[in-house]
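Peer 1: If you scroll down you'll find the structure; I have some questions about it.
In UniProt numbering, the protein residues as written are 1 to 119.
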């Protein structure tokens, strides 16, 4: 298990530790594991709530987001429906160079646009 410390903004409460869970590692047994887009967190029914609940969900951000086939909004709804503590989007290297518009999130969230940005 990997944990991450989330520091709260001044006056909002205490810092907390959360476990990171990749969407790929939280997939239901009933889902076709050959689905290439499971990691995009587009459907809460594909993931095990008991693994995601209270943890930070890691989702992939592929070219499908740029093309409008997947959306941050749907991924956030998935995270919310599974009671995730937050969400991290890892941008596929193929998407590097595309503009990612600022997206308001109603839960703690982060978009890591390249491996260098995660250092």
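We put the beta carbon where it would ideally sit given N, CA and C, even for glycine.
Nothing here was measured: the structure is a model prediction, and the numbers come from that model.
By the three-class DSSP mapping on this structure, what secondary structure does residue 27 have?
Peer 2: Three-state result, residue 27: strand.
Peer 1: Can you find the residues in the same chain that come closer than 8 Å, C-beta to C-beta, to residue 76, ignoring five residues on each side of it along the sequence?
Peer 2: Cβ within range, chain order: 87, 105, 106, 107 and 109.
Peer 1: For residue 83 and residue 54, which I take to be in contact (beta-carbon distance under 8 Å), what is that distance rounded to the nearest angstrom?
Peer 2: Right, their Cβ atoms sit about 7 Å apart.
Peer 1: Between 113, 112, 37 and 29, which has its C-alpha nearest residue 69's C-alpha?
Peer 2: If we check each option's Cα against that of residue 69, 37 comes out closest.
Peer 1: Distance check for residue 85 and residue 79, CA to CA, integer angstroms please.
Peer 2: One C-alpha to the other measures close to 8 Å.
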